[in-house]
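Here the working numbering is used: the first residue of the sequence shown is 520, the next is one more, and so on.
In this text, a Cβ means the ideal position worked out from N, Cα and C, and glycines have one as well.
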Amino acid sequence: MKKNLLIICMLIAFSFANKINAQVRVNLNVNIGSQPCWGPTGYDHVEYYYLPDIECYYNVPRHRFVYMDDGRWIFSASLPPMYRTYDLSRGYKVVMNEPQPYLHFDQDRDRYGRYRNYQERQPVIHESDDDRYRKHWDDKRYGYDKWNNGRGKRDGDHRDGEHHDRD
């Protein structure tokens with residue numbers, strides 16, 4: 520009797536274990552290739568950047584800037600007109616992996632306000648030699664990438680010590 524009860528308990532436990540394993544789903548979300556070349560290095564997945572200097576967000580998957588204008592959120596492929604000359608590579612970017620972070624704009628402005636006019640540069644993708652960013656190497660080599668509003672360097676501009684000699 521004890522033996523039968525033990526076997527039944529083991530079968531029940533085994534069947535629950537199989538159901539639990541069947542319900543486990545791995546969701547590995549990587550979007551390195553869609554991150555802009557001016558984005559900070561070191562992140563396999565990014566939903567949004569918050570740009571404290573200009574109080575603006577950037578939606579990485581949709582390639583859209585999100586900013587407030589006259590009390591409304593604007594979704595645009597380009598920077599707000601008043602910041603069209605802003606250098607995206609030099610400004611500090613806060614990575615935000617949550618849906619619609621702009622709905623918490625006041626909190627983000629307070630929390631990350633210390634990064635306005637931040638002087639220490641973040642390493643950015645187009646300056647990285649990491650193989651994960653290989654897609655962006657041509658942006659670095661040939662300059663004038665679309666994500667930096669055409670302000671890239673041309674080949675042969677070696678004033679910064681970079682030689683742009685990747686094959």
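C-beta contact flag for P466 and V613 at 8 Å: Residue 466 lies beyond the stretch modelled for the chain, which goes from 520 to 686, so this question has no answer here.
Under a Cβ-count criterion, where at least 16 other Cβ atoms within 10 Å of its own Cβ denotes burial, should E617 be classed as buried or exposed? exposed
Which runs of the beta strand (DSSP E) at least 3 residues long sit entirely within the stretch 578-610? Give them in chain order. 583-588 and 591-595
Short Cβ contact (8 Å threshold) for M615 with Y586: no
Could you check whether the Cβ of D588 sits closer than 7 Å to any heavy atom belonging to the ligand MG? Ligands in the displayed structure: none, and consequently the ligand MG is not present.
In this structure, how does DSSP classify Y569 when only helix, strand and coil are distinguished? strand
Specify the secondary structure class of V613 as computed by DSSP and reduced to three states. strand
Straight-line Cα distance separating T560 from D648: 10 Å
Do R603 and S597 have their CB atoms nearer than 8 Å? yes
Going by DSSP, which residues form a beta bridge with Y637? In DSSP, Y637 forms no bridge with anything.
Other residues of its chain near R628: CB distance less than 8 Å, five sequence neighbours each side excluded: P571 and E574
Is it buried or exposed for F566, if we count other Cβ within 10 angstroms and need 16 for buried? The residue you asked about is not Phe; residue 566 is Glu in the sequence shown. Label assigned to E566: buried.
Mind checking which residues open and close the alpha helix (DSSP H) that includes Y631? F624 to Y631
In whole angstroms, what separates the C-alpha of Q626 from that of Y576? 13 Å
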